[in-house]
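Residue numbers (our numbering): 967 to 1854. These notes concern the structure reproduced below.
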């Protein structure tokens, strides 16, 4: 057992140390057990190896016992009783020296004598330090033996009557938990995918799981690394059954009549689940008889399969069954040779098609699998494509990728023209596979697919396919993702435009213009050129009635309109795009449209609508398994909670959104949301933490998406000023572009250029350049007013009011601060309102109105207290510890 790795070295040593005591027990209380239960030759050998040389008397007594031992004749009832008594006495003797655990396996095969011994021991071992564990298969006992009641059954009933509930049902353990516990009993680096695969193979069945894992180790499918941890090897193969598992299953299957074995073999080819009518037709037997054999013999009696209910197939209803254990199916499938499998796969596929008729596409994955193994590539190719489309339609992107890759492999293996329409199938296969990978945020893998697509197209002289590849790659290179490369994207678009003009392909020309719009957006190109690209593309899409293309262009012309301050026009384009996406059933793009609508409402100060659209976007992102959409939907939601004074909720939303974005490297939250989170921590008093977040956000932007770098850069300036580090702020502000330059390039991102303007204004205020602050805030306010932007409008007015206060221009300061107060109240911005009220109180004091100042401070205090009540204790302590809060 030790050599077979079924026990540890420690356990083997403990048993070995028991040999001298066992010899002593046999000599004193169990002499008749020698050559009855214990072979004398083996006993003598083990005793000589285990007994100390200092105990020669013990060995001499054993040899004497063996010499005078005479072969016994047939055991009488009296002799059997005596042997059972001696067996119990030996166990008593050993248990007095150390506790014993006795395990008796496979009790379903025990003969009458063994069962009688167990019954005797159950009566005579009470009160001893002995635990007796018996293992048996309940299904085997339930079947009886030779048409009669199983001899173990009376013993089980008697034991339960005497001792109560004593069963441990191994088939009721938490299968996943058992698999994890078994794997983790030794150091390993075996991840979730391995554990799930092992569970799928064994269903958590303890024996099968242990044997399967040992088999994988013995074959080298699982090996130890340099640190002694178990890891997967490159040759991991789940199809090979361990010898012991195969033996157990083989014994059960071979007891069946040949007809039932054949039915099960056909069923094993059909899969883990199968239909009785299909099996009967392929096997050539009567449906009613087959169904009876499956339900009565193989399900109720043999417990090899189980009934799964009825399944509608066209106009028919099919009787559904499944194997109780995948290893049963695997064993039966392996018992067939290659020719038998090929024949059966083809026959089953044809019968399934006949059953389902016009609805055969519903089982496309099954049909594709059967036809692929049967060697019918054209049918397999068709059904793999259908299966991929079905999976993609419900956003099961991993499954869709697998089906498309199988179809592409089949199409690529055959020469063009060998199968009708094979070239026409390759083109959409590449684009569908690539798009599926993009939706899963695997942009590098999508690029590899599109590059292979171009090579295939050029080899076949297919310029339209080359054009499609160029456009697909350009779309990845120019948009915000980990594979972004604007320079390469522009080069790809130039190549694509040349080919589109050569082919007089206006559809592709519209696509190129749309992509040039996107490229200009993400590189800060000329805003009027951007608008021109968008409107040209829009005109072509409307002219050619390209509904999907029109939706994409409307979706992105938002940037051109918003960049010029035309936020209502941008919103109208997004609403039209969202309606088109809804008609097209495109959930990921509906999610993005809702996210951008959230953006427009936030910028224009309609927070309720902004929250509604953000939550719609998140829900659609979840439904479509689009993590990018989930991350983008909430990238400014935390700011709204911050505005409302719900600080704890703001922190939670921001931190969760950053965590989601990190899983797919969604850069806008990793830069913008992280920068805002840093500023929020700064406002709460934890400036160091805020600076760390802002610095990381800026580093991320500069390395991966430089157009966003102004956002965290501005936050860094503000945080250093809060810290009182004017020198550090000055170094940063010197390198920070004027807000008007940022607005000219990225007008659609007020989150960025308004923050830049405020950072310059805050620095000027710290420097005492009050006239500069007023001029800068006037210009910034005019830009906000002209575009009907309310984002941070109270902050702009507040900063101007503080500069006027510093110049002791109390009248104008009061007027501007009142306007700031009204703006904050209109927005419901508790964040901005309470400090504005404090500044108004200061203006009232300077104007000789202490009662008014006191009232304003009290209003500010109420807001602060309401905000503090909603905060978690650590955040509340930070907030209430701020000097300006203590002053209230």
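Yeah, the Cβ is synthetic: ideal placement off N, Cα and C, and Gly gets one too. Owing to the predicted nature of the structure, the values given are computational and were not obtained by experimental measurement.
Which of helix, strand or coil DSSP assigns to residue i
i	result
residue 1281	coil
residue 1813	coil
residue 1097	strand
residue 1226	helix
residue 1286	strand
residue 1386	Residue confidence for residue 1386 is low, a pLDDT of 48 falling below 50, so the modelled location carries little weight; the figure read from the coordinates is stated next. Of the three classes helix, strand and coil, the one that applies to residue 1386 here is coil, per DSSP.
residue 1829	helix
residue 1612	coil
residue 1154	strand
residue 1276	strand
residue 1004	strand
residue 1271	strand
residue 1854	coil
residue 1847	coil
N- and C-terminal bounds of the alpha helix (DSSP H) containing residue i
i	result
residue 1480	1472–1489
residue 1677	1676–1689
residue 1547	1533–1550
residue 1190	Careful: residue 1190 lies outside any alpha helix (DSSP H), inside the beta strand (DSSP E) at 1188–1190.
residue 1740	1736–1752
residue 1240	Element bounds for residue 1240: not the alpha helix (DSSP H) but the beta strand (DSSP E), 1239–1241.
residue 1176	1172–1185
residue 1109	Careful: residue 1109 lies outside any alpha helix (DSSP H) and carries neither H nor E.
residue 1692	1692–1700
residue 1335	1330–1340
residue 1719	1716–1732
residue 1637	Premise fails: residue 1637 is in no alpha helix (DSSP H) and is neither H nor E.
residue 1927	Nothing about residue 1927 can be read from this structure; the chain reaches only from 967 to 1854.
residue 1431	1429–1444
residue 977	975–983
residue 1262	Careful: residue 1262 lies outside any alpha helix (DSSP H) and carries neither H nor E.
Exposed unless 16 or more other CB atoms sit within 10 angstroms - verdict on residue i
i	result
residue 1807	buried
residue 1386	Reliability fails at residue 1386, whose pLDDT of 48 lies under 50, so the model's placement of it is uncertain and no value is given.
residue 1755	buried
residue 1687	buried
residue 977	exposed
residue 982	exposed
residue 1240	buried
residue 1336	buried
residue 1159	exposed
residue 1247	buried
residue 1467	exposed
residue 1728	buried
residue 1039	With a pLDDT of 48 at residue 1039, under the threshold of 50, the modelled position of this residue cannot be trusted, and the question is left open.
residue 980	exposed
Selection from the options that minimises the alpha carbon distance to residue i
i	options	result
residue 1809	1488, 1776, 1102	1776
residue 1660	1637, 1787, 1454, 1673	1637
residue 1658	1679, 1228, 1671	1679
residue 1230	1204, 1208, 1196, 1272	1272
residue 1344	1352, 1780, 1376	1376
residue 1411	1449, 1433, 988	1449
residue 1523	1085, 1500, 1579, 1709	1500
residue 1263	1816, 1218, 1097	1218
residue 1639	1601, 1672, 1789	1601
residue 1801	1818, 1781, 1825	1825
residue 1228	1249, 1261, 1092, 1749	1249
Residue-chain proximity (residue i, chain D), Cβ-Cβ < 7 Å
i	result
residue 1281	The displayed structure is made up of one protein chain only, and chain D is not part of it.
Whole-number beta carbon distance between residue j and residue i, since they are thought to touch under 8 Å
i	j	result
residue 1761	residue 1725	Rounded, the Cβ-Cβ distance is 11 Å, inconsistent with contact.
residue 1334	residue 1322	Not quite, the Cβ-Cβ distance comes to about 14 Å (not below 8 Å), so this is no contact.
residue 1431	residue 1413	That belief does not hold up - the Cβ atoms of residue 1431 and residue 1413 are roughly 16 Å apart, past 8 Å.
residue 992	residue 1004	7 Å
residue 1542	residue 1573	That pair is no contact at about 24 Å.
residue 1287	residue 1234	Actually they do not touch by this definition, with Cβ atoms about 12 Å apart.
residue 1145	residue 1173	Contact doesn't hold; Cβ gap of about 13 Å is too wide.
residue 1314	residue 1236	5 Å
Residue i - containing beta strand (DSSP E), residue span
i	result
residue 1360	No beta strand (DSSP E) holds residue 1360; DSSP gives it neither H nor E.
residue 1198	1196–1198
residue 1671	Careful: residue 1671 lies outside any beta strand (DSSP E) and carries neither H nor E.
residue 1068	1066–1070
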